[in-house]
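Residue numbers (this note's numbering): 11 to 403.
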Amino acid sequence: MTASTRKTLNIALLVVLAGFLVHYSLFSMREYADFKPLYRSGERFLWGRDLYNFADGHFLFKYAPFAGAMFAPLAALPWALASVIWVTGAWALLGVTYVQSRRWIMGRETLPLWVGLLVFLGVSKFTLAEVRLGQVNYPLLFFALAAIISLGKSWEGWGGALLAVATLFKPPLALLLVVALWRRRPKFVLGFAVGLTAGLLLPILRYGWIGTLDLYRGWWEVMWVSSPGQMESEVNQSLPGALTRWLVHNPYGSSFATLPPEAPMIITGIIFALYLALAWWMELRSRTNPELAPVAPVLLLTGTVLFNPLGWVQNYIFLAPALILAFRYVLLERGRGRTRVALVALFFLAAVLPNYEMMGRHLHNHYLAQSWIFLGVAALMAALVVPLRYRHA
């Protein structure tokens with residue numbers, strides 16, 4: 011294939027992809043179920059009203075008060091304009107996070123086009139759910155990746171602050187702080203502490219001390235009351251969600267056992283401790299083999315969804331770095347790592363290929379209820395820790 015032909019095909023592919031993204035975005039903006047509470051929180055922050063109201067029904071605002079302050083600028087705009095800005099930003103950050111991940115993992119090396127397409131396919135199901143709902147995961151992934159990349163650089167203090175911003179939206183992302191502690195990066199930890207403190211206190215500027223304390227009480231009440239009932243939801247593809255459906259109650263069929271409601275979280279705690287030990291072991295191995303340096307951060311990044319009691323399907327857009335890393339190792343091994351290839355293939359078969367359009371609502375709900383996505387993601391994590399079969403310096 012000549013260079014001009016390759017360029018023409020790339021342009022044609024981009025045009026087709028852009029057309030699909032525009033069409034899908036216009037369709038998605040009719041729903042935007044999760045962006046509405048975010049936009050509403052910004053409005054309430056501007057008006058100085060309570061952010062948490064059970065009268066909102068299913069679409070409760072469940073983020074920290076800091077999130078209301080962050081969405082206040084968008085809420086000052088008309089809904090239609092704010093929606094366009096948000097969906098445009100989501101697609102832009104899709105490209106940015108891919109470039110971030112590739113440069114962090116590959117350095118100056120390039121990925122073959124087919125690998126890039128497979129990575130996009132691997133997160134496509136989660137990306138489409140993310141955009142359709144108007145969620146916040148792509149900005150959070152951008153902040154988390156920037157924080158990881160900052161380690162060891164002159165701006166790592168700012169990286170810690172970026173992780174604090176992400177943590178204020180999704181507290182499980184604080185797990186990435188473990189990497190900074192393992193690598194003894196005090197500036198990063200200090201930046202995180204300062205950023206977290208500033209974010210927690212920010213609502214005082216609008217609500218005062220007493221009003222801010224009331225907001226945090228409201229946030230705690232909303233999370234305490236609404237979260238337990240969502241553990242068995244089929245779109246909860248975390249380990250606690252899977253264990254709840256397998257061992258306590260499955261709304262779409264019989265469970266494998268009938269254990270007390272506390273059992274899933276106890277088992278999750280044990281498995282999480284083992285997972286953390288595995289990440290630490292990979293971190294130690296990376297000190298003699300630099301090729302393994304990204305593994306521990308990627309394991310922990312994915313762990314923020316795997317072990318989150320409310321780890322939704324769309325949260326697995328965080329898998330982009332894991333997919334790039336897995337394919338990098340496949341390329342390094344030049345066909346010698348058959349176990350890794352099989353595990354990556356299992357991820358695509360279990361987590362990516364089955365979809366709503368192909369299966370229909372009833373069968374797809376049963377597929378989700380059996381947590382096949384979770385099992386596929388677990389296979390992908392296993393693919394990252396299989397010993398590399400190549401000669402390294």
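Just so you know, even glycine gets a beta-carbon here, dropped at the ideal spot from N, CA and C.
Query, Result
"Taking buried to mean at least 16 other C-beta atoms within 10 Å of its own C-beta, is I280 buried or exposed?", "exposed"
"Would you call the CB atoms of F81 and G52 closer than 8 Å?", "yes"
"Output the distance between the C-alpha atoms of F282 and A208, rounded to the nearest integer angstrom.", "30 Å"
"Is it right to say A388 is buried, meaning 16 or more other beta carbons lie within 10 angstroms of its own, or is it exposed?", "buried"
"Spell out the partners DSSP gives N246 in its beta bridges.", "W322"
"Drop a sphere of 10 angstroms on the beta-carbon of D60, count the other beta-carbons inside from all chains shown, and report buried for 16 or more, exposed for fewer.", "exposed"
"With distances taken between CB atoms, is the gap from A74 to W229 smaller than 8 Å?", "yes"
"Please name the residue in V323, T314, V362 and S243 whose C-alpha comes closest to that of T177.", "T314"
"Suppose the cutoff is 8 Å on Cβ atoms and the five residues either side in sequence are ignored; what does the same chain contact list for W124 look like?", "none"
"Grouping DSSP H, G and I as helix and E and B as strand, with all else coil, what is L302?", "helix"
"For A289, tell me which candidate among R338, A306 and A92 has the shortest Cα-Cα distance.", "A306"
"Rounding to the nearest angstrom, what Cα-Cα distance links R399 and P122 in this structure?", "21 Å"
"Closest to M116 by C-alpha separation, out of G347, F358, H376 and L302, would be which residue?", "L302"
"Quick one: Cα of D44 to Cα of A102, how far?", "19 Å"
"Is I95 buried or exposed, if buried means 16 or more other CB atoms sit within 10 Å of its CB?", "exposed"
"Just curious, the alpha helix (DSSP H) that K46 is in, first and last residue?", "F45 to W57"
"Is the beta carbon of L385 closer than 8 Å to that of E244?", "no"
"Please classify M292 as buried or exposed, where buried requires at least 16 neighbouring CB atoms within 10 angstroms.", "buried"
"Just list the alpha helix (DSSP H) runs in the segment 170-232, keeping only unbroken ones of 4 residues or longer that don't cross its boundaries, in chain order.", "187-192 and 196-211"
"Would you grab the beta carbon distance between F198 and L155 for me? Rounded to a whole angstrom, and I think it's under 8 Å.", "Contact flag wrong, Cβ pair sits at about 14 Å."
"What residue range does the alpha helix (DSSP H) around R350 cover?", "R348 to F357"
"Select from L211, I327, G67 and W57 the residue whose C-alpha is nearest the C-alpha of A85.", "W57"
"Take P250 as the anchor and find which of W322, P300, L333 and D224 has the nearest alpha-carbon.", "W322"
"Looking at the structure shown, is F384 part of a helix, part of a strand, or coil, going by DSSP?", "helix"
"Out of V189, L212 and G169, which has the shortest C-alpha to C-alpha gap to G201?", "G169"
"For D60, name the three-state secondary structure that DSSP assigns.", "coil"
"Using a Cβ-Cβ cut-off of 6 Å (strictly less than) and excluding sequence neighbours within five positions of L353, which residues of its own chain qualify?", "A389, A392 and A393"
"Just to check my reading of the structure: R350 and A361 have Cβ atoms closer than 8 Å, yes? What is that Cβ distance to the nearest angstrom?", "Incorrect: roughly 16 Å between the Cβ atoms, too far for contact."
"Consult DSSP for A267 and reduce its assignment to one of helix, strand or coil.", "coil"
"If we call anything under 8 Å between Cβ atoms a contact, is L294 one with P274?", "no"
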